[in-house]
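Here's the structure, in structure tokens; my notes come after.
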Amino acid sequence: MKIVKTVEEVRAQVREWRAEGLSVGLVPTMGYLHEGHASLIKTSVRDNDRTVVSVFVNPMQFGPAEDLESYPRDIDRDAELVQLCGGDLIFNPEPEEMYHDGFSSFVDMTVLTQELCGLSRPVHFRGVCTVVTKLFNIVKPDKAYFGKKDAQQLAVIRHMVDDLNMDIAIVGCPIIREDDGLAKSSRNTYLNADERKAALVLSKSLALGAGLIRNGEKSCDRIIDKMKEYIDKEPLARIDYVKIVDCGTMQQIKELDRPALCAVAVFIGKTRLIDNFFTEDL
Ligand code: AMP
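Take any residue in the sequence shown, note its place counting from 1, add 104, and you have its number in my numbering.
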């Protein structure tokens with residue numbers, strides 16, 4: 105397993121693999137890897153001859169008041185995990201390698217990004233689409249792996265690949281959770297002991313919503329109200345959104361008459377966490 109920092113080194117390695125006729129999978133990450141990332145990497149290792157993991161805290165997808173500076177970083181620990189999972193190459197560029205002086209081209213999306221996280225994080229998806237396009241152009245993978253934890257991101261990437269005819273298969277992977285249900289996230293490291301307990305309101309409110317749906321509730325408002333009521337009881341929690349949207353368009357719906365995504369974003373103290381479920385997975 106190798107770690108490289110330049111675009112040229114990635115290209116040289118991938119060229120060698122291609123000359124041998126090998127297939128290549130890509131797992132884009134921001135590092136501080138956990139079992140959620142590990143499941144993506146293992147799936148790619150199973151599906152492809154070689155797997156590239158990018159570790160890049162992408163400044164472009166953070167808003168001015170967000171946690172770019174404090175985002176946790178530990179490339180040595182990340183390298184151990186990638187090695188254990190069977191990954192072949194880590195691409196860990198500095199921001200200047202990705203965004204040289206005068207960088208001025210962006211990939212943006214006008215649909216799908218006007219709801220959910222796109223509302224509270226207005227520059228986020230432009231940063232995601234731009235960096236993922238760059239990674240696709242650098243690695244030129246056959247397949248790329250994304251977690252359902254970031255459900256809107258997965259929908260946006262699928263849409264971008266379709267709109268722009270990118271010849272890459274996008275694979276969505278299930279959410280990996282702690283034993284008590286909290287979705288694994290690099291940002292969980294920000295939580296103190298009380299916040300860690302309070303953070304369970306995300307998965308528990310989703311379980312409540314899922315239970316109502318299983319019992320036949322079709323009204324999205326009624327489901328959302330019950331979930332909000334539950335989260336509001338937790339003093340350390342502040343709701344950013346609780347929404348039910350159409351899986352394809354990410355637009356809010358009133359009735360559960362089609363495949364939907366139920367998604368929550370909640371501040372626990374200063375830490376913004378997200379979680380969700382797809383009704384199809386119930
Ligand atoms: P991040 O490093 O947080 O940008 O995440 C990199 C990739 O890992 C994204 O595709 C995420 O959706 C995915 N991911 C993060 N956490 C989880 C999780 N708990 N389960 C599954 N996938 C995850």
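A virtual CB, placed ideally from N, CA and C, is assigned to each residue, including glycine.
Asked	Found
Residue(s) in a DSSP beta bridge with glutamate 359	Ser323
Cβ-based burial, asparagine 241 [other Cβ within 10 Å; buried from 16]	exposed
C-beta atoms of tryptophan 121 and valine 128 nearer than 9 Å	yes
Coil, strand or helix - asparagine 380 by DSSP	strand
Residues near valine 111 in its chain [Cβ-Cβ closer than 6 Å; skip 5 each side]	Ile242
DSSP state of isoleucine 279 mapped onto helix, strand, coil	coil
According to DSSP, residues forming a beta bridge with phenylalanine 371	Arg342, Arg376
For proline 199: DSSP bridge partner residues	In the DSSP output, where bridge partners are listed per residue, proline 199 has none listed.
Whole-angstrom distance between leucine 188 and valine 114, CA atom to CA atom	21 Å
Separation of aspartate 271 from leucine 386, as counted between CA atoms	31 Å
First and last residue of the uninterrupted beta strand (DSSP E) at leucine 172	No beta strand (DSSP E) holds leucine 172; DSSP gives it neither H nor E.
Span of the beta strand (DSSP E) around threonine 155	154-159
Tyrosine 249, DSSP secondary structure in three states	strand
Beta-carbon spacing of glycine 231, lysine 252 below 9 Å	no
Unbroken beta strand (DSSP E) run spanning lysine 106, endpoints	106-108
Distance between alanine 369 and aspartate 325 (C-alpha atoms, nearest Å)	17 Å
Whole-angstrom distance between leucine 306 and isoleucine 378, CA atom to CA atom	7 Å
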